[in-house]
Structure formats: structure tokens, C-alpha cells
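A quick write-up on the structure given underneath.
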């Protein structure tokens with residue numbers, strides 16, 4: 080198998096989650112300010128917390144996106 084590249088932006092992920100019959104509960108972006116000249120900071124807790132905070136505020140612009148979702152209760 081060759082490498083696969085897929086791109087999902089926030090609107091597409093929202094649509095896929097809803098199409099799967101799930102309700103989004105929380106969004107978390109990850110991967111702000113990573114790699115390159117700042118890579119040495121990635122092992123520091125304050126840097127990690129900053130990335131989590133940026134990911135909550137600006138999930139749409141994150142390199143990685145995590146969605147917590149739940150299945151609605153049956154009526």
C-alpha cells in the first residue's frame with residue numbers, strides 16, 4: 080500500500096460526525112507551534128498547556144483535531 084493523505088477541515092469533520100449519528104460534545108485542536116526551531120520546547124509542561132489552550136480556542140486552525148462525541152439516547 081502506498082501512503083495516504085487525507086485532509087479534513089472542521090466543517091467536514093462536523094458533517095462526518097453527524098452523518099455517523101453522533102453528537103459532538105467537545106473539540107480539541109492539537110499541534111500548534113510544533114516542530115522546527117520550537118521543537119525543543121515540546122518537552123515542557125507550560126508549552127504543552129499553551130498548545131492545549133490554543134487548541135480549545137482555535138480548533139479550526141490546528142494541525143490535528145480531536146472530537147469527543149456521543150451517541151444520542153434512543154427515544
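Numbering (the numbering used here), first residue to last: 80 to 154.
Note that the Cβ used here is the ideal one computed from N, Cα and C, for glycine as well.
Query	Result
Grouping DSSP H, G and I as helix and E and B as strand, with all else coil, what is residue 107?	strand
Looking only at C-alpha atoms, which of 82, 86, 118 and 134 sits nearest to residue 109?	134
Residue 149 bridges to which residues according to DSSP?	102
Go to residue 121, then tell me how far its alpha helix (DSSP H) extends in each direction, as first and last residue.	Note, residue 121: premise wrong, no alpha helix (DSSP H); not H, not E.
Whose C-alpha, out of 106, 153 and 127, is nearest the C-alpha of residue 113?	127
Relative to the C-alpha of residue 141, which residue among 87, 149 and 101 is closest?	87
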